[in-house]
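S.K.: This is the structure, below, for whatever I ask next.
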Amino acid sequence: MARMIPSIMDDRTPSGERDVFSMLAAGPDDWMIMHSLDLAPWNRGLRTEIDFVVIVPDCGILCIEVKSHSIITFDGTYWTPPEIKRSPFKQAADGRHTFYRRLRDIAPQFRNVPVVHMCIFPNASFHLHVNMSVQQWELMDNRVFRTFKDSSDFCQDIKLRIAESINADGKLNHLRNPLSESQVQSIVNYCLPVQKYHPNAREEIMLREQAIERILRDQQKPVLKLAFANDRIIVSGGAGTGKTLISMELARRKAESGQRVALLCFNRLIGQWMKEQMGRITPTLPNLIVGRSIQVMAELTGLDIPETPDGNYWSKELPMKLEEKLTDPEIGIIASFDYLVLDETQDILLRPAIWQCLFHFLNGGIRDGKYALFGDFEHQVFGEHELLKKALDKLLQDAQPAKWKLSENCRNYSIIGETAVQLSGFDEKIYTGYMRQGGSIANYNILFYATEDEQARKLSGLLKEFKQQGYRPEEITVLSFSAERCVAKSQQMKAYQIHPAWQQGRFTHYCTVQAFKGLENKIIILTDVSPSEAEFHRDLFYTGMTRATESVRVLCNIKCQETLLRWLTKGGFTCV
Numbered sequence: 001m002a003r004m005i006p007s008i009m010d011d012r013t014p015s016g017e018r019d020v021f022s023m024l025a026a027g028p029d030d031w032m033i034m035h036s037l038d039l040a041p042w043n044r045g046l047r048t049e050i051d052f053v054v055i056v057p058d059c060g061i062l063c064i065e066v067k068s069h070s071i072i073t074f075d076g077t078y079w080t081p082p083e084i085k086r087s088p089f090k091q092a093a094d095g096r097h098t099f100y101r102r103l104r105d106i107a108p109q110f111r112n113v114p115v116v117h118m119c120i121f122p123n124a125s126f127h128l129h130v131n132m133s134v135q136q137w138e139l140m141d142n143r144v145f146r147t148f149k150d151s152s153d154f155c156q157d158i159k160l161r162i163a164e165s166i167n168a169d170g171k172l173n174h175l176r177n178p179l180s181e182s183q184v185q186s187i188v189n190y191c192l193p194v195q196k197y198h199p200n201a202r203e204e205i206m207l208r209e210q211a212i213e214r215i216l217r218d219q220q221k222p223v224l225k226l227a228f229a230n231d232r233i234i235v236s237g238g239a240g241t242g243k244t245l246i247s248m249e250l251a252r253r254k255a256e257s258g259q260r261v262a263l264l265c266f267n268r269l270i271g272q273w274m275k276e277q278m279g280r281i282t283p284t285l286p287n288l289i290v291g292r293s294i295q296v297m298a299e300l301t302g303l304d305i306p307e308t309p310d311g312n313y314w315s316k317e318l319p320m321k322l323e324e325k326l327t328d329p330e331i332g333i334i335a336s337f338d339y340l341v342l343d344e345t346q347d348i349l350l351r352p353a354i355w356q357c358l359f360h361f362l363n364g365g366i367r368d369g370k371y372a373l374f375g376d377f378e379h380q381v382f383g384e385h386e387l388l389k390k391a392l393d394k395l396l397q398d399a400q401p402a403k404w405k406l407s408e409n410c411r412n413y414s415i416i417g418e419t420a421v422q423l424s425g426f427d428e429k430i431y432t433g434y435m436r437q438g439g440s441i442a443n444y445n446i447l448f449y450a451t452e453d454e455q456a457r458k459l460s461g462l463l464k465e466f467k468q469q470g471y472r473p474e475e476i477t478v479l480s481f482s483a484e485r486c487v488a489k490s491q492q493m494k495a496y497q498i499h500p501a502w503q504q505g506r507f508t509h510y511c512t513v514q515a516f517k518g519l520e521n522k523i524i525i526l527t528d529v530s531p532s533e534a535e536f537h538r539d540l541f542y543t544g545m546t547r548a549t550e551s552v553r554v555l556c557n558i559k560c561q562e563t564l565l566r567w568l569t570k571g572g573f574t575c576v
């Protein structure tokens, strides 16, 4: 993934420019692209904006002017549509020359870097007139742009056009050596004072968060429509497809319609988080019950839960006590609800006793009740696949619910999602696409450690790094692959005040990957990763990495470096 500056688009960005942004954003890792570079301060205050400045380390710099109109014509005097006041090709050329002159003056070490220009009309076809003095490689219209299968083809075409421009200009020479990463960054730094839109670190973090919220609203619409047209629905989707947040919105709307609604899940932390979030709704919804399913059922039936219940209590003892309580007809009347919204449904489907108890609380039960079930039924990490399939097939046969599949990832950048899938060893393609634009190799990295002390030092270094980038402590979560051995709670990390995930507060929190299932945070740091261990669950990469809305770091034992490299390079895919 190329690095985009800024990493997100303004809401007012035209559609064609958005398409070009997306193509460039998915480009090679070493490409650097500045979007909407306003050169007025470099050009006597005159309007001189470049839509994209593309730094291609082994070729040079390309200045792109984009016009998003669906019809573009030129009769020799006037342009159509009339909003185009001057030649786009003249705009691109002027921008290029202004950029080069200023870069040469303030950074003479880059005077031999070739700077060229072109125009892209992604939505319109355009025929070049002979008298326009424009070369074929200076224009990419929709007849070319819309034929590219992917960003790789598009970027390869861009490189060919840069080469043709250099060959045709007697004053330009091809680079003898590619620009280094530090040289590319230096060019960007020289341009920062004139960037049209460059929010500070904290502002950009919040803008990206707002962008996710807009994407999620688009993802919600068809599911909400389906839920209000059908009494029973099942919504499936992989991690990061928005299931939890959509389930919360559906529960809110159903409760606002006057029904007694239960919004439940199996996981303790996600249940606690949902309860906190829904408790902030104003006016309050007393007819909305939210929380962990087994906890809610115990409370509704008046069962006292031990202070330190073990796994046997939740899986066997509690279901037996619930069944006894549910024989009382009065409990069925006062504790029932009209509509059930269940998140992470697969976790409860795999526990038949709890599943049966839960539907005793729903008017109409499994067959005739009203409910929306959300879950990742195809990529179950912690359960038995065959058992889940059998339970799901029976549910589909008995209740005949309407079905919907969420296939686009709306949480992660593609580099994080694809790496998570690759490391987890899933053979099938989980996502049809990624709704978030941007992201680059900077959003993901693996660090190796030889000793526990070294792992602690690297973790402390990461915490400092993200703090410098503008992230708050509570926006970072440390997830361990090991319940017994967790570097976050080691003596070396005491000074960083990393708290267990169940403790509330504005701290960096830690827990196991399993415990954080269903939740998300901006920064996820995976620790204590040792793939050589006999009990290592490779599919935890899928659950852990997809928790991140921004960046992921993985701390892995160096003994396992070859193993990770083998997984990452399988099929030619390389991320390290």
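Note that UniProt numbering gives residue 79 to position 79 of the sequence shown, counting from 1, and the numbers run on in steps of one. Note that CB positions come from ideal geometry on N, CA and C, so glycine has one too.
When you compare only the Cα positions, how much space is there between T543 and T549?
M.R.: Each residue's Cα considered, the two are about 13 Å apart.
S.K.: Across the region 411-429 and the region 250-258, are there enough close Cβ pairs to call them in contact, namely three or more that are closer than 8 Å?
M.R.: Not touching, per the Cβ criterion.
S.K.: How many whole angstroms separate the CB atoms of G439 and M1, which I take to be in contact at a CB cut-off of 8 Å?
M.R.: Contact holds; Cβ gap of about 5 Å.
S.K.: Using a threshold of 7 Å, state whether the C-beta atoms of S22 and Q437 are closer than that.
M.R.: Going by C-beta atoms, S22 is nearer than 7 Å to Q437.
S.K.: By how many angstroms is the C-alpha of R18 removed from the C-alpha of M9?
M.R.: Each residue's alpha carbon lies about 7 Å from the other.
S.K.: Please classify N312: is it buried, with 16 or more other beta-carbons within 10 angstroms of its beta-carbon, or exposed?
M.R.: Classification of N312: exposed, given that the 10 Å Cβ count is below 16.
S.K.: Give me whichever residues DSSP pairs with Y339 in a beta bridge.
M.R.: DSSP lists V261, K370 as partners of Y339.
S.K.: By Cβ distance below 8 Å, which residues in the same chain neighbour L70 in space, the five residues on each side in sequence not counted?
M.R.: The residue asked about is misnamed: residue 70 is Ser in this sequence, not Leu. Excluding residues within five positions, the ones whose Cβ falls inside 8 Å are N123, A124.
S.K.: Go to A548, then tell me how far its beta strand (DSSP E) extends in each direction, as first and last residue.
M.R.: Unbroken beta strand (DSSP E) run through A548: 548-557.
S.K.: Would you call D398 buried or exposed, if buried means 16 or more other Cβ atoms sit within 10 Å of its Cβ?
M.R.: With fewer than 16 Cβ atoms within 10 Å of its Cβ, D398 is classed as exposed.
S.K.: Short of 6 Å in beta carbon distance, which residues of its chain neighbour D347, apart from the five on each side in sequence? Order them along the chain.
M.R.: Only F266 meet the Cβ criterion.
S.K.: Taking D30 as the reference, give the member of C155, L24, P108, E181 with the closest Cα.
M.R.: The residue with the shortest Cα to Cα distance from D30 is E181.
S.K.: Could you please give me the residues that DSSP links to S480 through a beta bridge?
M.R.: T512, T527.
S.K.: With H, G and I counted as helix, E and B as strand and the rest as coil, what does DSSP make of N131?
M.R.: Of the three classes helix, strand and coil, the one that applies to N131 here is helix, per DSSP.
S.K.: Taking C-alpha atoms, which residue in T451, G505, A442 lies nearest to P473?
M.R.: It is G505.
S.K.: Quick one: Cα of S165 to Cα of V54, how far?
M.R.: Rounded to whole angstroms, S165 to V54 spans 14 Å at the Cα level.
S.K.: Between A262, A26, Y371, which has its C-alpha nearest L300's C-alpha?
M.R.: Among A262, A26, Y371, the Cα nearest to that of L300 is on A262.
S.K.: From this set, Q183, C511, R457, F361, which residue's C-alpha is nearest E323's C-alpha?
M.R.: When only C-alpha atoms are compared, the closest one is F361.
S.K.: Measure the C-alpha to C-alpha separation of T147 and F52 and round it to an integer number of angstroms.
M.R.: Going by the C-alpha atoms only, they are around 21 Å apart.
S.K.: Would you call the CB atoms of T527 and L555 closer than 7 Å?
M.R.: Yes, the pair counts as a contact, with Cβ atoms nearer than the cut-off.
S.K.: Measure the alpha-carbon distance for S490 versus N177 and round it to whole angstroms.
M.R.: Approximately 47 Å, taken between the alpha carbons.
S.K.: Can you pull the DSSP bridge partners for I234?
M.R.: DSSP output for I234 lists L373, K403 as bridge partner(s).
S.K.: Does the beta-carbon distance from I246 to Q220 come in below 7 Å?
M.R.: Taking 7 Å as the Cβ cut-off, I246 and Q220 qualify as a contacting pair.
S.K.: Cα-Cα, which of V116, R111, T80, D75 is closest to D94?
M.R.: Cα-wise, what sits closest to D94 is V116.
S.K.: Is N363 helix, strand or coil when you go by DSSP?
M.R.: It is coil, neither helix nor strand.
S.K.: On a Cα-Cα basis, can you pick out the residue from T73, I106, H174, F121 that is closest to A132?
M.R.: A quick correction: the sequence has Met, not Ala, at residue 132. The residue with the shortest Cα to Cα distance from M132 is T73.
S.K.: For L388, which residues in the same chain have their Cβ closer than 8 Å to its Cβ, ignoring the five residues on either side in sequence?
M.R.: The residues are Q346, L349, L350, F377, Q380.
S.K.: Could you pull the DSSP bridge partners for M248 from this structure?
M.R.: None; M248 has no bridge partner.
S.K.: Using the Cα positions of I233 and M140, report the straight-line distance between them to the nearest angstrom.
M.R.: Computed Cα separation, rounded: 46 Å.
S.K.: In whole angstroms, give me the CA-to-CA distance for K225 and T546.
M.R.: Cα to Cα, K225 sits roughly 27 Å from T546.
S.K.: In chain order, which continuous runs of the beta strand (DSSP E) of length 3 or greater are located wholly inside the region 413-483?
M.R.: Entirely contained in the region 413-483, the beta strand (DSSP E) runs reaching 3 residues are, in chain order, 444-449, 476-480.
S.K.: Can you look up R351 in the DSSP assignment and give me helix, strand or coil?
M.R.: If DSSP states are grouped into helix, strand and coil, R351 belongs with coil.
S.K.: Do you know whose CA, among G76, A488, F145, S68, lies nearest E83's CA?
M.R.: For the residues G76, A488, F145, S68, the minimum Cα distance to E83 belongs to S68.
S.K.: Using the C-alpha atoms, what's the distance from L358 back to S336?
M.R.: Those two C-alpha atoms are separated by around 10 Å.
S.K.: Give me the residue from L342, P352, L479, G332 with the minimum Cα distance to G364.
M.R.: That would be G332, whose Cα lies nearest to the Cα of G364.
S.K.: Exposed or buried, what is A515 when buried is set at 16 or more other beta-carbons lying within 10 Å of its beta-carbon?
M.R.: Looking at its Cβ environment, which holds 16 or more other Cβ atoms inside 10 Å, A515 is buried.
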